[in-house]
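Undergrad: One line per chain: the protein sequences are A and B, in this order. Residues 5 to 384 (the working numbering) make up the first sequence, in order. Residues 29 to 424 (the working numbering) make up the second sequence, in order. Backbone N, C-alpha and C fix where the C-beta goes; we use that ideal spot for every residue, glycine too.
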Amino acid sequence: MDFDLSEEQRLLKESVEGLLGDAYDFDRRKKYMKEPGGWSKAIWGRFAEQGLLGLPFAEGDGGFGAGAVETMIVMEALGRALVVEPYLTTVVIGGGFLRHGGSAAQKEAHIPAIIDGSKTLAFAQLEKNSRYDLADVATSAKKKGDGWVIDGEKFVVLNGEAADTFIVTARTKGGQRDAGGVGVFLVPANARGIAKKGYPTQDGLHGADVTFTGVEVGADAAIGDPENALPLIERVVDEARTALCAEAVGLMDESLKTTVEYLKTRKQFGVPIGSFQTLQHRAADMFVAVEQARSMSMFATMATDFEDAKERATAVAAAKVQIGKSGKFVGQQSIQLHGGIGMTMEAAIGHYFKRLTMIENTYGDTEYHLRRVTAGGGLV
Amino acid sequence: MDLAFTKEEVAFREEVRAFLRDNVPATTRQKMIEGRHLSKDEMVAWWRILNKKGWGVSHWPKEYGGTGWSSVQHYIFNEELQAYPAPAPLAFGVSMVGPVIYTFGNEAQKKQYLPRIANVDDWWCQGFSEPGSGSDLASLKTKAERKGDKWIINGQKTWTTLAQYADMIFCLCRTDPSAKKQTGISFIVFSMKSKGVTVRPIQTIDGGHEVNEVFFDDVEVPYENLIGEENKGWDYAKFLLGNERTGIARVGVSKERIRRIKDLASKVESAGKPMMEDQAFREKLAAVEIELKALELTQLRVVADEGKHGKGKPNPASSVLKIKGSEIQQATTELLMEVIGPFAAPFDEHADDGSNEAMEWTAQIAPSYFNNRKVSIYGGSNEIQRNIITKAVLGL
C-alpha cells in the first residue's frame with residue numbers, strides 16, 4: 005500500500021503544472037475559448053510536445069504505456085487550471101475505446117494522430133431520452149453491404165464542433181434499452197450526412213448537437229463487437245468518470261485555496277473576514293469535503309485495474325457520488341464565502357463552481373450513481 | 029501509488045483473524061455484536077489473553093513489550109479487532125499514560141508501571157476534564173501543592189470514564205497558580221484507593237454508567253509520582269492526545285455496525301417486504317457506506333504517510349478522521365434506530381450488569397444511538413477539530 009507518487013509520476017506532475025503555470029491563466033483561458041471549436045490549437049500542440057497526449061497508449065502504438073495514476077495526475081492539473089482543451093474526449097475516451105477495443109488497423113489509423121496532436125475526437129453518446137443510461141440507444145446502425153448506415157441524433161457532444169472523428173454509439177439490433185445490440189463506430193466528422201449545431205457550454209467548454217442522416221461507414225468503422233459493445237462502453241465511460249473525479253479534485257483544491265486566500269485578504273468590520281469563526285468552520289468543512297473527494301478519486305483510479313467488472317463499476321460509482329456531493333458543497337460554499345464578487349463572471353471562482361456543477365451531471369449524477377452502488381450491493 | 033496490501037500484510041491479517049477466532053471468548057464477542065455491556069472481568073480476561081500473545085501493547089517500543097509492527101500492521105490489527113469484534117486494549121493505560129511514561133518517565137516509573145499496564149494489573153483512568161474545563165482544558169483548577177516529599181491534591185475531575193473500575197489515575201493538576209494557564213500544570217499519577225478520593229457515578233442519557241465525577245479532598249500523593257518535569261504537564265497532555273491520530277476514525281467499528289444494519293434490515297419487514305429491499309433505505313445506507321469508504325482511504329493515506337515519513341509531521345488529512353469518523357458512527361446508530369423503528373422502545377434497566385437476560389438485544393439499539401452522541405463531543409469536540417483545521421491547515 006503506497007499513496008506516494010513515484011519519481012516519474014512526480015516529474016510528470018511538475019511538468020504538467022509547469023506547462024499550465026506558464027501558458028494558462030484565467031485571462032488567457034478566455035482567449036482560448038474564443039478560438040474556433042472553443043479551444044487553443046497552440047496549447048494542444050504544447051500538450052503533444054510534452055507527451056501528454058500519448059500517455060496512456062502502449063509503447064508499441066507510439067505511446068508511453070502510462071496507467072490510471074498518470075491520467076489522474078494530468079486531469080487534476082487540468083482541473084486546477086480550468087483547462088478547456090479536449091483531453092477527456094480525445095485521450096481518455098477516444099483513446100480508451102481504441103486501446104480497449106480497437107483493431108490493429110484502427111489503432112494505426114488514429115493513435116499516432118492523437119499523440120502528435122493533429123487529431124481530436126468526440127464521443128457522440130447522449131440522446132434525447134437516454135439520460136445516463138448507456139444502453140438506451142435509439143440511434144441506429146444498419147448493415148449495408150459490408151458497411152453500416154447510421155441514423156440518429158446525439159446531444160451535448162463535447163468537442164463536437166472541432167473533432168476530426170466521432171465515436172458514435174448506435175444500435176445494431178434489439179429494442180431501445182436492450183443491453184445487447186449496441187455498437188460503437190468511428191465516424192469521420194466530414195462524412196456525408198452529418199449536421200452539427202455548436203454552442204458554448206455553461207462551464208466554458210464547447211458542445212454540439214449532431215445529427216446523423218444516412219451516414220455511411222465501412223465495416224472497419226465498428227470498434228469491437230458491433231452487436232455487443234456495451235461492456236466496452238461501460239469500461240471506457242467508467243474511465244472517463246474516474247478522470248472527471250480527478251479533474252474535480254483539482255477544481256476543488258483550487259476553489260478552496262482561492263477561497264481561503266480571499267478570507268485572509270477581504271476585510272469587513274475592520275478585520276479579515278477569515279477571523280470569523282462561522283466562516284472558518286465553513287472553510288474547515290470544505291477541507292474535509294475535498295480530502296474525502298481526493299480519497300475517493302484515488303480509490304476510483306486504483307479500481308481501474310480491478311479484475312471484477314462489477315466491483316470496478318461500484319467503486320467508480322461510489323467515487324462519483326462522493327465527488328458529486330463534495331463538488332457541490334465546495335462549489336456552492338466558495339461562492340457564498342466570496343460574497344457578491346463570487347457572483348460575477350469576472351472572478352474565476354464562479355467558473356470553478358460551474359465546471360464542478362457540470363461534472364456532477366456528466367456520465368451520471370449523484371443520485372444515479374447512488375443507485376448503481378446499491379445495485380452493486382454496497383461497499384461493506 | 030498502490031492500494032493493494034503486500035503478501036506479508038495479507039498474511040498478517042489472516043494471522044490476526046485466526047488468533048481472534050481461536051481466542052476471543054464467544055460470549056464476549058456476542059455481547060459486543062449485540063451492543064451489550066461487558067463486565068470488567070470479561071474485558072480484563074480478554075486483554076490478558078492478548079498480552080500473553082504479546083499483542084497487548086503492540087505499538088509500544090520493543091524494549092517495553094511492543095511488537096515492532098509497521099503502521100500498516102497496526103492499522104490491520106486495529107481494524108480486525110473492531111470488525112471481529114473484540115474489545116480494543118484499554119486506551120487509558122495502553123494508548124495514553126503508557127506512552128507518556130515510557131517517553132517522559134524515569135527508569136523507576138517505567139519499571140513500576142509499564143508491565144502492570146500491559147497486563148491490566150492496574151486499570152487506569154484519565155483525570156483531565158473538570159466541570160469548568162471542557163474544551164478549554166488548560167483552564168483546569170485541580171491543585172497539587174508540594175508539602176515536603178508529598179503532593180496534596182484538591183479539586184474535582186469529571187467525565188472520568190470507568191473510574192469505578194480504576195486502580196490508578198493520571199491527572200493534570202495545577203502546580204504553579206501564578207504561571208500562565210498552560211505553563212503551570214503537572215502530570216501526576218496516583219492510586220484511586222488513596223484516602224480522599226471519591227467516585228460518584230454520572231448516568232448518561234442511554235441509561236448507562238460509563239462516566240463519573242471524581243473528587244479529591246486533601247489526597248496525599250508521593251512526590252515521585254510526578255511524571256517528567258514539574259509544570260510541563262501540558263506538553264505531555266498534548267503529546268498524549270496527539271498520539272492516537274488514526275484509531276479515532278473507528279472504521280472497523282462502523283463497518284461492523286453496517287453489517288449489523290444489513291443483517292437486521294433483511295429480517296425486519298416493512299410494507300410486506302424486508303427493509304433491505306426498500307430503495308430509499310438502501311440509498312441512505314449506501315450513502316453512509318460511501319462516506320465510510322472515503323474515510324477508510326483517508327485513514328490509509330495517513331497511515332501510509334506515517335509509515336513512510338514518521339509521525340513527526342502530521343498529514344493534514346488526519347484532522348478529517350475525527351470529524352468524519354464520529355459523524356459516520358452516529359449515522360450508523362441512526363440507521364439501526366430506523367430499522368428497528370417502534371421496537372426501539374423497551375428499556376433494559378439492567379443493561380450495565382446484564383442481569384435481565386429476558387431482554388431482547390434490540391433493547392440496546394436506542395441506548396447505543398443515545399450514547400453515540402458523545403463521539404462528536406469527546407476527544408476534542410468536532411467544533412474544536414474545525415478550529416484545528418482552520419489554524420493548522422488553512423492558516424486562517
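Put Asp137(A) into one of helix, strand or coil per three-state DSSP.
TA: Here Asp137(A) sits in coil by DSSP.
Undergrad: One question on the structure: do Leu236(A) and Gly184(A) come within less than 9 Å of each other, judged by their Cβ atoms?
TA: The answer is no: Cβ separation not under 9 Å.
Undergrad: For a contact meaning CB atoms closer than 7 Å, what does Ile351(B) contact in chain A?
TA: The contacting residues are Val292.
Undergrad: Exposed or buried, what is Ser299(A) when buried is set at 16 or more other beta-carbons lying within 10 Å of its beta-carbon?
TA: Classification for Ser299(A): buried.
Undergrad: Going by C-alpha distance, which of Thr173(A), Ala322(A), Ala27(A), Ile227(A) is nearest Val141(A)?
TA: Measuring from the Cα of Val141(A), the nearest candidate turns out to be Thr173(A).
Undergrad: Residues of the segment 253–269 of chain A with a CB closer than 7 Å to any CB of chain B: list them in chain order, please.
TA: Listed by position along the chain: Val264, Leu267, Lys268.
Undergrad: Can you pull the chain A residues whose beta carbon is under 7 Å from the beta carbon of Ile286(B), in chain order?
TA: Ordered by position in chain A, the residues that pass the 7 Å Cβ test against Ile286(B) are Val384.
Undergrad: What three-state label does DSSP hand Gly211(A) in the structure shown?
TA: Reduced to three states, the DSSP call for Gly211(A) is strand.
Undergrad: Shortest alpha-carbon distance to Gly236(B) belongs to which of Gly382(B), Ala372(B), Val72(B), Val44(B)?
TA: Taking only the C-alpha atoms, the option nearest Gly236(B) is Gly382(B).
Undergrad: For the segment 272–286 of chain A, enumerate the residues whose C-beta is nearer than 7 Å to any C-beta of chain B, in chain order.
TA: From the segment 272–286 of chain A, only Gly278, Gln284, His285 have a Cβ closer than 7 Å to chain B.
Undergrad: Rounded to the nearest angstrom, how far is the Cβ of Ala197(A) from that of Gly218(A), given a contact under 8 Å?
TA: This sequence places Gly at residue 197(A); Ala is not what is there. Confirmed, Cβ separation roughly 5 Å.
Undergrad: At a cut of 8 Å, does the segment 56–75 of chain B reach the segment 104–115 of chain B through at least three beta carbon pairs?
TA: Yes, the segment 56–75 of chain B touches the segment 104–115 of chain B.
Undergrad: Are Gly208(A) and His355(A) closer than 9 Å when you measure CB to CB?
TA: Yes, they are a contact pair.
Undergrad: So who's on the other strand from Leu86(A), going by DSSP bridges?
TA: The partner list for Leu86(A) (beta bridge, DSSP) is empty, contrary to what the question assumes.
Undergrad: Residues in the same chain with beta-carbon distance under 6 Å from Gly202(A), minus the five sequence neighbours each way, listed in chain order, please.
TA: Closer than 6 Å at the Cβ level, and outside the excluded window around Gly202(A), lie Glu165, Ala212.
Undergrad: Looking at chain B, which residues of the segment 309–330 of chain A have a Cβ within less than 8 Å of any of its Cβ atoms?
TA: The segment 309–330 of chain A vs chain B, Cβ under 8 Å: Ala322, Val325, Gln326.
Undergrad: By how many angstroms is the C-alpha of Ile416(B) removed from the C-alpha of Gln336(A)?
TA: Gln336(A) and Ile416(B): Cα-Cα distance of roughly 23 Å.
Undergrad: Are the C-beta of Met29(B) and some C-beta of chain C separated by less than 9 Å?
TA: Going by chain labels, chain C is absent from the structure shown, which instead holds the protein chains A and B.
Undergrad: Mind checking the segment 69–85 of chain A against chain B and listing, in chain order, the residues whose C-beta falls within less than 7 Å of any C-beta there?
TA: Going along the segment 69–85 of chain A in chain order, one finds Val73 with a Cβ nearer than 7 Å to chain B.
Undergrad: List in chain order: all unbroken beta strand (DSSP E) runs of 3+ residues lying wholly within the segment 127–158 of chain B.
TA: Within the segment 127–158 of chain B, the complete beta strand (DSSP E) runs of at least 3 residues are 152–155.
Undergrad: Check each candidate in Val334(A), Ile353(A), Val87(A) and name the one with the smallest Cα separation from Leu24(A).
TA: Among Val334(A), Ile353(A), Val87(A), the Cα nearest to that of Leu24(A) is on Val87(A).
Undergrad: Evaluate the contact criterion for the segment 265–285 of chain B versus the segment 344–352 of chain B: three or more CB pairs, one atom per stretch, below 8 Å.
TA: As far as the Cβ criterion goes, the segment 265–285 of chain B touches the segment 344–352 of chain B, which means the pair count is three or higher.
Undergrad: Suppose you measure from the CA of Glu385(B) to the CA of Asp376(B); what does that come to, to the nearest Å?
TA: The straight-line gap from Cα to Cα measures roughly 10 Å.
Undergrad: Using 8 Å as the cut-off, can you tell me whether the segment 88–97 of chain A makes contact with the segment 314–332 of chain A, which would need three or more C-beta pairs spanning the two stretches below that distance?
TA: Touching, no.
Undergrad: Tell me, please, which residues DSSP counts as bridged to Glu63(A).
TA: Paired residue(s): none; Glu63(A) is not in a bridge.
Undergrad: Indicate whether at least one CB of chain B lies closer than 9 Å to the CB of Glu18(A).
TA: Closer than 9 Å: no.
Undergrad: For Asp234(B), does the count of other Cβ atoms within 10 angstroms reach 16, so buried, or fall short, so exposed?
TA: Buried: at least 16 other Cβ atoms inside 10 Å.
Undergrad: Compare the C-beta of Asp369(A) with all C-beta atoms of chain B and state if any pair is closer than 9 Å.
TA: With 9 Å as the cut-off, Asp369(A) does not count as an interface residue toward chain B.
Undergrad: Taking all protein chains shown into account, do 16 or more other C-beta atoms lie within 10 angstroms of the C-beta of Trp389(B), making it buried, or fewer, making it exposed?
TA: Trp389(B) should be labelled exposed.
Undergrad: Going along chain A in order, which residues have a C-beta closer than 9 Å to the C-beta of Val283(B)?
TA: The question names Val, but residue 283(B) is Lys in the sequence shown. Those are Val384, listed as they occur along chain A.
Undergrad: Quick check on Leu187(A): does DSSP put it in helix, strand or coil?
TA: Looking at the sequence shown, residue 187(A) is not Leu but Gly. Of the three classes helix, strand and coil, the one that applies to Gly187(A) here is strand, per DSSP.
Undergrad: In three-state terms, what does DSSP make of Arg175(A)?
TA: In this structure, Arg175(A) counts as strand in the three-state DSSP scheme.
Undergrad: Please state whether the Cβ-Cβ distance between Leu109(B) and Val44(B) is less than 9 Å.
TA: The answer is yes: Cβ separation under 9 Å.
Undergrad: Let me check one thing: in DSSP terms, what residues is Ile181(B) bridge-paired to?
TA: Beta-bridge pairing links Ile181(B) to Ala172(B), Val247(B).
Undergrad: Counting only beta-carbon atoms, is Gln13(A) nearer than 9 Å to chain B?
TA: Answer yes: the Cβ-Cβ gap between Gln13(A) and chain B drops below 9 Å somewhere.
Undergrad: Tell me the residue span of the alpha helix (DSSP H) that contains Ser219(B).
TA: From DSSP, Ser219(B) is part of no alpha helix (DSSP H) but of the beta strand (DSSP E) over 213–219.
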